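Chains as they are written, first to last, in this note's numbering: chain U, 32 to 244; chain P, 10 to 376. Just so you know, even glycine gets a beta-carbon here, dropped at the ideal spot from N, CA and C. Owing to the predicted nature of the structure, the values given are computational and were not obtained by experimental measurement. Input: a single structure, listed below in C-alpha cells.
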Amino acid sequence: MSLSVALTKGRLEKETVAMLEACGYGTERLKNKGRALVFPDTKKDIRYFLVKANDCITYVEHGVADIGVVGKDTLMEGGKDYYEMLDLKIGRCRFIVAGLANANPLEKSGHIRIGSKYPNVALDYFHSKGRDIEVIKIDGSVELAPVLGLTDGIVDIMETGATLKENGLVVYDTAAELSARVIVNKASFKMKRDEIMAFINDLERMVEHAEEN
Amino acid sequence: MTQIQIPSGMRDLTNEACCAKEDLRKRITEVYKSYGYRPVETPLIEFYSTYQNTFTSLKEETLYKFVDESGQLLVLRTDMTLPIARLVAGKYSLDEIPLRFCYCSNVYKVRQNFAGKRNEVTDCGIELIGLDDASDLEVLCCALDVMAQLGVDHYTLEIGSSAFFRKACAQSGLSDAEIAMLADYIDRKEIPALKACVDTMNLDEKKALFFKKLPLCGGKDALSLAKDLCFSESLSEEIENLIVLKNTLEELGYEDHVTFDLGKVPHLDYYTGIIFEGYVTGIGTSVLSGGRYDALLSKLGRDLPAIGFGVKLDYLLESAEAKQEKVRKLYYPRAKAAEAMKKARELRKDGAVEMIPWEADTMEVIG
Numbered sequence: 032m033s034l035s036v037a038l039t040k041g042r043l044e045k046e047t048v049a050m051l052e053a054c055g056y057g058t059e060r061l062k063n064k065g066r067a068l069v070f071p072d073t074k075k076d077i078r079y080f081l082v083k084a085n086d087c088i089t090y091v092e093h094g095v096a097d098i099g100v101v102g103k104d105t106l107m108e109g110g111k112d113y114y115e116m117l118d119l120k121i122g123r124c125r126f127i128v129a130g131l132a133n134a135n136p137l138e139k140s141g142h143i144r145i146g147s148k149y150p151n152v153a154l155d156y157f158h159s160k161g162r163d164i165e166v167i168k169i170d171g172s173v174e175l176a177p178v179l180g181l182t183d184g185i186v187d188i189m190e191t192g193a194t195l196k197e198n199g200l201v202v203y204d205t206a207a208e209l210s211a212r213v214i215v216n217k218a219s220f221k222m223k224r225d226e227i228m229a230f231i232n233d234l235e236r237m238v239e240h241a242e243e244n
Numbered sequence: 010m011t012q013i014q015i016p017s018g019m020r021d022l023t024n025e026a027c028c029a030k031e032d033l034r035k036r037i038t039e040v041y042k043s044y045g046y047r048p049v050e051t052p053l054i055e056f057y058s059t060y061q062n063t064f065t066s067l068k069e070e071t072l073y074k075f076v077d078e079s080g081q082l083l084v085l086r087t088d089m090t091l092p093i094a095r096l097v098a099g100k101y102s103l104d105e106i107p108l109r110f111c112y113c114s115n116v117y118k119v120r121q122n123f124a125g126k127r128n129e130v131t132d133c134g135i136e137l138i139g140l141d142d143a144s145d146l147e148v149l150c151c152a153l154d155v156m157a158q159l160g161v162d163h164y165t166l167e168i169g170s171s172a173f174f175r176k177a178c179a180q181s182g183l184s185d186a187e188i189a190m191l192a193d194y195i196d197r198k199e200i201p202a203l204k205a206c207v208d209t210m211n212l213d214e215k216k217a218l219f220f221k222k223l224p225l226c227g228g229k230d231a232l233s234l235a236k237d238l239c240f241s242e243s244l245s246e247e248i249e250n251l252i253v254l255k256n257t258l259e260e261l262g263y264e265d266h267v268t269f270d271l272g273k274v275p276h277l278d279y280y281t282g283i284i285f286e287g288y289v290t291g292i293g294t295s296v297l298s299g300g301r302y303d304a305l306l307s308k309l310g311r312d313l314p315a316i317g318f319g320v321k322l323d324y325l326l327e328s329a330e331a332k333q334e335k336v337r338k339l340y341y342p343r344a345k346a347a348e349a350m351k352k353a354r355e356l357r358k359d360g361a362v363e364m365i366p367w368e369a370d371t372m373e374v375i376g
C-alpha cells in the first residue's frame with residue numbers, strides 16, 4: 032500500500048530530504064519544488080507533502096498522512112494522538128530558560144512571569160521544578176519580553192545562543208534537548224505496518240550510520 | 010445577531026448521514042442480539058462523584074461539568090461502561106449472573122478545539138458481566154462478527170494484553186510512578202524517550218530489553234517476538250495463552266482479521282486482561298475498542314469480572330453509504346384533503362408517501 036509522508040517545511044526540510052536521499056528514496060521532485068504541494072517519490076510508492084510543523088501533527092493525527100517528520104519542540108507543545116517512533120537526531124537544538132543577567136527566574140520568589148511561544152512547555156517545566164508561574168504567550172522575538180520588563184524570563188528554542196547574548200540574556204537551564212522525530216498515525220501503523228516499518232528501518236540505519244561517523 | 014452556530018466539537022447529522030448511521034446501528038445491534046445481549050439505556054447525565062470515585066486518573070479537562078439545583082456537580086457521561094457497571098451494582102444485585110447488556114448511546118468528551126475532533130459520538134457496544142477470561146474468546150468473536158458487518162473491505166482486530174505488561178512490571182520491582190511512565194511511553198510507541206527512561210531504571214539487561222522492545226512486539230510475528238523477550242515462567246505462560254487464543258481464532262476462520270500487539274497498554278487503571286481495538290482502511294483512528302476490566306465493579310460494591318467493547322459509529326459514517334428510501338409525492342387540491350388522506354393511506358401500504366397541497370383540481374402521484 033502506498034504511503035503519505037508529511038515533512039516539516041523550513042529548518043528541518045533540507046536535512047530530512049538529504050536523509051531520505053541517502054536512504055535511496057527518489058527525492059528529485061522535493062528538491063525542485065516549483066509551485067507543487069504534493070511530491071511523488073520517483074522510486075517508491077510514496078507521496079510527500081510539505082507543511083508547517085503544527086499542521087504536520089494535525090495531518091498525522093487524522094491519518095491523512097501516515098507518517099510525519101517534525102521537531103520535538105512542536106510535539107511537546109501539541110497533541111499526543113500518534114506514535115513517536117524514531118529520533119532522527121537532526122535539527123538539534125534546546126529548550127532553554129533565560130533571563131537578564133543576575134536575575135535567574137528560577138531563583139525569584141513571589142510571582143513569576145515567563146514569556147514563551149510554547150506556553151505548555153513553559154508551564155510543564157516550571158511545574159516540574161515546583162514553581163507556579165504565569166505564562167505570557169509571545170509570538171516572535173521572545174527575547175524582547177524580559178528586556179522590556181514584560182516578563183522575568185523566557186522559555187524558548189536556542190540553536191547557537193547568539194541572539195540571546197546580543198540582547199544581554201543569560202541561559203539559566205536547559206528544559207529539554209530537541210531534534211526531529213518521526214511520528215506515525217496509529218491506525219495506519221496497524222493497516223500498513225510492513226511499509227511503515229521499512230521506511231522507519233531505512234531512516235534508523237541512516238541515524239546509526241551518522242552516529243558512527 | 011442570529012445564533013446559528015453549534016458548540017465546538019458537535020455535529021449536526023444531515024439526512025443522508027442519519028440514514029447511514031441508522032443502517033449501521035441496525036446491523037451491529039443484530040449481531041449483539043444474536044449473541045444474547047439485551048438493550049439498556051442510562052441517563053445522559055451522571056454525578057461527577059461516580060466518575061471521580063471510580064477512576065484514579067480522571068482527566069478533569071475532558072469532562073463536560075455543570076451543577077444541579079442542589080449544588081451537586083454533574084457530568085455528561087464519557088462512556089457507557091461505568092453507567093452500566095453502576096446499573097449492575099445498584100439495580101441487578103439480585104439477578105443471576107452472567108449479565109449481557111448492549112447499548113447505543115451518545116458519549117461526551119471535551120477535546121482539542123479547531124482540530125476536526127468530535128466531542129459527541131455514538132457508542133454502540135456490549136458489556137458481559139460475571140464471566141472470567143474463559144469468555145474472552147466469545148467476546149472477540151462477537152467483535153469480529155461486528156466488524157464484518159461494517160461494510161469495509163479491510164479490517165483488523167488488534168489484541169493486546171494488559172496482564173502481560175502488569176506482570177512484567179511487578180516482577181521488575183518498579184514503582185507505580187515508573188509503571189505509569191513506562192505504560193505511557195510504550196502505549197504511544199514513544200521509542201526515543203522510552204529507551205532513555207529504561208536506561209535510568211536499575212534493570213538487568215534482559216528486563217531492560219523487554220521494556221525497550223515491547224512497543225514493537227506487533228505484526229505477524231508479535232507473539233513469537235514477545236515469547237523471546239519473556240524473562241520469567243509466568244510471562245511465558247501469558248504468551249502461551251495468547252497463542253492458544255490465536256490458534257482458536259484461526260480455527261474459527263478469523264485469521265485474516267486478527268493481529269496482536271503486546272505494546273498496547275492503555276488505561277492501566279481500568280483494563281486488567283486482554284485489550285483490543287478494531288481498525289479499518291481509510292479511517293485514522295480505531296473504530297472499535299474494548300477489553301477486560303475485572304476490577305471496576307468492585308469499586309461500585311459488586312466484585313464481578315467483566316469485559317466489553319464499543320463501536321464508535323460516527324467515525325464510520327464517512328465510509329458508509331446510505332440507502333435512501335424512495336418517497337412518492339401525492340399532490341392534492343386543498344378542498345379534497347380528506348379524500349387525499351384516504352388515498353395516501355392506501356398508497357402507504359407499499360411505501361412512503363408525502364402529501365403536498367396544490368392549486369389544481371386533480372390529485373396526482375409522482376415518483
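DSSP three-state assignment for residue i, whether helix, strand or coil
{"i": "Glu190 (chain U)", "result": "coil"}
{"i": "Ala206 (chain U)", "result": "strand"}
{"i": "Ile169 (chain U)", "result": "coil"}
{"i": "Leu137 (chain U)", "result": "helix"}
{"i": "Ile13 (chain P)", "result": "coil"}
{"i": "Gly139 (chain P)", "result": "coil"}
{"i": "Asp230 (chain P)", "result": "coil"}
{"i": "Pro107 (chain P)", "result": "coil"}
{"i": "Val178 (chain U)", "result": "helix"}
{"i": "Ile88 (chain U)", "result": "helix"}
{"i": "Asp278 (chain P)", "result": "coil"}
{"i": "Pro150 (chain U)", "result": "helix"}
{"i": "Met210 (chain P)", "result": "coil"}
{"i": "Cys28 (chain P)", "result": "helix"}
{"i": "Asn115 (chain P)", "result": "strand"}
Listed by chain order, chain U residues near residue i by CB distance under 8 Å
{"i": "Ala124 (chain P)", "result": "Thr89, Glu92, Gly110"}
{"i": "Glu334 (chain P)", "result": "Going along chain U, no residue has its Cβ under 8 Å from Glu334 (chain P), so there is no contact; the nearest lies around 32 Å."}
{"i": "Thr165 (chain P)", "result": "Lys221, Met222"}
{"i": "Ile292 (chain P)", "result": "Gly94, Ala218"}
{"i": "Gln121 (chain P)", "result": "Gly110"}
Buried versus exposed, by CB contacts within 10 Å (16 or more), residue i
{"i": "Cys27 (chain P)", "result": "exposed"}
{"i": "Leu261 (chain P)", "result": "exposed"}
{"i": "Ala346 (chain P)", "result": "exposed"}
{"i": "Asp208 (chain P)", "result": "exposed"}
{"i": "Ser295 (chain P)", "result": "buried"}
{"i": "Val253 (chain P)", "result": "exposed"}
{"i": "Arg20 (chain P)", "result": "exposed"}
{"i": "Val69 (chain U)", "result": "exposed"}
Own chain, CB closer than 6 Å to residue i, minus 5 neighbours either side, in chain order
{"i": "Leu72 (chain P)", "result": "Val84"}
{"i": "Leu34 (chain U)", "result": "Ile77, Asp97, Glu226"}
{"i": "Gly319 (chain P)", "result": "Asp132, Gly134"}
{"i": "Cys87 (chain U)", "result": "Ala37, Thr39, Gly99, Val101"}
Closer than 9 Å at the beta carbon, the chain P residues around residue i
{"i": "Leu117 (chain U)", "result": "Ile200, Pro201"}
Within chain U, partners of residue i - CB distance below 9 Å
{"i": "Gly227 (chain P)", "result": "Phe220, Lys221, Arg224"}
{"i": "Ser295 (chain P)", "result": "Lys217, Ala218, Lys221"}
{"i": "Thr268 (chain P)", "result": "Lys221, Arg224"}
{"i": "Gln81 (chain P)", "result": "Simply none; closest approach about 30 Å."}
Cutoff 7 Å; reference residue i; Cβ partners in own chain excluding five residues on either side
{"i": "Phe219 (chain P)", "result": "Ala177, Leu238, Phe240"}
{"i": "Leu317 (chain P)", "result": "Leu is not the amino acid found at residue 317 (chain P); the sequence shown has Gly there. So the list reads Thr90, Gly134, Ile135, Glu136, Leu137, Gly299, once near-sequence residues are dropped."}
{"i": "Val166 (chain U)", "result": "Ile145, Ser147, Pro150, Ala153, Leu154"}
{"i": "Val213 (chain U)", "result": "Ile98, Val100, Met116, Leu117, Leu119, Ile231, Leu234"}
Cross-chain neighbours of residue i in chain U, by beta carbon under 7 Å
{"i": "Tyr288 (chain P)", "result": "Ala218, Lys221, Met222"}
Contact list for residue i against chain P, beta-carbon separation under 8 Å
{"i": "Tyr156 (chain U)", "result": "Near Tyr156 (chain U) there are no residues of chain P at all, since even the closest Cβ is about 16 Å away, more than 8 Å."}
{"i": "Arg212 (chain U)", "result": "Pro201"}
Cut-off 8 Å between Cβ atoms - residues of its own chain near residue i, not counting five sequence neighbours on either side
{"i": "Gly130 (chain U)", "result": "Pro136, Pro177, Asp183, Gly184, Ile185, Leu200, Val201, Tyr203"}
{"i": "Lys221 (chain U)", "result": "none"}
{"i": "Glu50 (chain P)", "result": "Tyr112, Ser114"}
{"i": "Glu245 (chain U)", "result": "No information on residue 245 (chain U) is available, as it lies outside the stretch 32 to 244 that chain U covers here."}
{"i": "Tyr164 (chain P)", "result": "Met156, Ala157, His266, Gly287, Tyr288, Val289, Thr290"}
{"i": "Lys74 (chain P)", "result": "Tyr57, Leu82, Leu83, Val84"}
Chain P contact residues for residue i, given Cβ-Cβ distances below 7 Å
{"i": "Tyr114 (chain U)", "result": "Arg197, Lys198"}
Are there three or more Cβ pairs, one per stretch, closer than 8 Å when the region 51-63 of chain P is compared with the region 77-85 of chain P? yes
Stretch-stretch touch, CB-based, cutoff 8 Å, three pairs: the region 286-301 of chain P with the region 165-176 of chain P: yes
When the Cβ atoms of the region 142-157 of chain U are set against those of the region 178-186 of chain U, are three or more pairs found closer than 8 Å? yes
Within the chosen definition, does the region 32-52 of chain U reach the region 77-88 of chain U through at least 3 CB pairs nearer than 8 Å? yes
Given 8 Å as the limit, is there contact between the region 185-192 of chain P and the region 251-269 of chain P, that is, 3 or more CB pairs closer than that? no
Do three or more CB pairs link the region 348-358 of chain P to the region 115-129 of chain P at distances below 8 Å? no
Between the region 109-128 of chain U and the region 236-243 of chain U, do at least 3 Cβ pairs fall closer than 8 Å? yes
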